[in-house]
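Note sheet for the following structure.
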Amino acid sequence: QVQLVESGGGLVQPGGSLRLSCLASGVGFSSWPMSWYRQAPGKERELVAGMTSTTDNTYCADSVKGRFTISRDNAKNTVYLQMNSLKPEDTAVYYCNAWVRRDEYWGQGTQVTVSS
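Quick note, the sequence shown lines up with residues -12 to 103 if you use this note's numbering.
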């Protein structure tokens, strides 16, 4: 059974930073590709950042490149999203995503609000 639990969201002023965490349960975390998605009100869910089982291959959407960084700690079964220089348009619910063999799993989401 795979479960993903996000944390770290909240209210932050423009230009501020947040670090999201996604704690995964299940056997074999170190081999799972992991991603972060977000969904703003009235918009479709979009891929923000992703990485393979190693830190050698990462991806960031153009809209967050240079500001967001995805990383993982396999010893802690955790993937992170470091978000710097936050903008109001980054406001959304952020979701953790994992592919485990042929199955896709989602966390419950964590709200990030960027506002002064």
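Glycine residues also receive a C-beta, built at the ideal position from the N, C-alpha and C atoms.
- Counting the other CB atoms within 10 Å of its CB gives Ser22 a total of 16 or more, which places it among the buried residues.
- The continuous beta strand (DSSP E) containing Trp23 extends over residues Met21 to Gln26.
- In the DSSP annotation of this structure, the continuous segment of the beta strand (DSSP E) that includes Asp90 starts and ends at Asp90 to Trp93.
- Looking at the DSSP output, Ser8 sits in a beta bridge with Ser(-6) and Tyr67.
- Ser8 and Asp77 have their C-alpha atoms spaced approximately 17 Å apart.
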